[in-house]
Amino acid sequence: MTTIGKAAVIGAGTMGNGIAQACAASGVPVVMLDIDQRAVDRGMAAIGSSLDRLRKKEKITEADKEAALGRIQATTSYADLGDCDLVIEAAPENLDLKLRILRDVQKALKPDGIVASNTSSISITAMAAALARPDAFVGLHFFNPVPMMALVEVVSGMQTSDATRDAATAFAKRLGKTPIQVRNSPGFAVNRILCPMLNEAVFALQEGVATAEAIDEGMKLGCSHPIGPLALCDLIGLDVLLAVMNVFYEDFNDPKYRPAPLLKEMVAAGRLGRKTGQGFFAYR
Ligand SMILES: NC(=O)c1ccc[n+]([C@@H]2O[C@H](COP(=O)([O-])OP(=O)(O)OC[C@H]3O[C@@H](n4cnc5c(N)ncnc54)[C@H](O)[C@@H]3O)[C@@H](O)[C@H]2O)c1
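For the sequence shown, numbering that gives the first Met the number 0 assigns the number 0 to the initial residue and increments by one for each residue that follows.
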């Protein structure tokens, strides 16, 4: 089994910089690649701020912060991936873009290097089929914000070898995360269960079962959820939830996944949640 001594992430956005930070904070040297220097700089600035917040809370020292930053090599060049054991793709959720990147990564990588994708919704099996070494490809689905969230779904496509899955699992543990094994399937395990629950909360609101406040209070106090489902819809973004439900509806060919009409209406009105200041609740 390949031991991951050095890793890389493609994309320095929300997830990419979070994964790079998690690697660096765990002592794993990491290359963080994006399309241009501005994007790479933004990613490094986000990591710097996140480490600063941890230092202010006295969870890490100034020396820990500097050591972590010293383990991150920010770049725009695929040539810097040559000595990495694992590359995690965290580019935007677009199949054609991801396949272009994954093929370039496999070309730049050493022969026994492993490639992973942090995709939320694209089939790991379908992506693997387009690669030269499908057995060395796996899903590593981190959760946002990566430095805080303990879970990683290790997603095996039909072609993923046991050795690849085991190396990815060991790597997630090395980052201090708790990996769970998941077979490739739309939404993997967590979003498959979470998103229909959120959609059902919108149905309940639409049908006048209870007010938005009452639905959220009910799920917090009755089910020990830390946040109500409608507040969570607002946090995720109603457009993102609608897109996921549409994927489930199509991929499973099952009407139980139909998006709630009120969800569609809210998205059409531009009430997308926190990011627009208005969703099921109002935000200043
Ligand atoms: N945001 C979340 O909560 C979340 C959670 C789990 C998984 N994901 C998945 O993670 C992936 C990344 O999401 P994100 O929220 O970090 O997106 P993001 O938009 O914040 O970041 C994407 C980054 O990729 C870069 N990029 C674009 N084209 C590139 C290219 N050709 N080569 C290299 N970099 C390129 C962009 O410049 C940007 O910095 C997506 O597949 C998404 O589905 C997101």
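Positions of the beta carbon are idealized from the N, C-alpha and C atoms, including for glycine.
Assigned with DSSP and collapsed to three states, Thr124 falls in helix. At least one heavy atom of ligand 1 falls within 6 Å of the beta-carbon of Glu92. Counting only runs that start and end inside the region 186 to 267, there is no beta strand (DSSP E) element of at least 3 residues. The nearest non-hydrogen atom of ligand 1 is less than 6 Å from the C-beta of Gly12. Under the three-state reduction of DSSP, Pro133 is assigned to helix.
Residue environment: Met14 is assigned as buried (16 or more neighbouring CB atoms within 10 Å of its CB, all protein chains considered). Taking the Cβ atoms as the reference, Phe136 lies roughly 13 Å from Asn117, outside the contact range of under 8 Å. In this structure, DSSP gives Glu92 a state outside helix and strand, which the three-state scheme calls coil.
Relative to ligand 1, Asp33 has its C-beta within less than 6 Å of a heavy atom. Here the C-alpha atom of Val30 lies approximately 20 Å from the C-alpha atom of Thr163. In terms of side-chain proximity, the C-beta atom of Ala38 is found nearer than 6 Å to a non-hydrogen atom of ligand 1.
If you compare the alpha carbons of Asp95, Arg132, Arg99, Leu220 with that of Pro110, the shortest gap goes to Arg132. In this structure, ligand 1 has no non-hydrogen atom nearer than 6 Å to the beta-carbon of Ile179.
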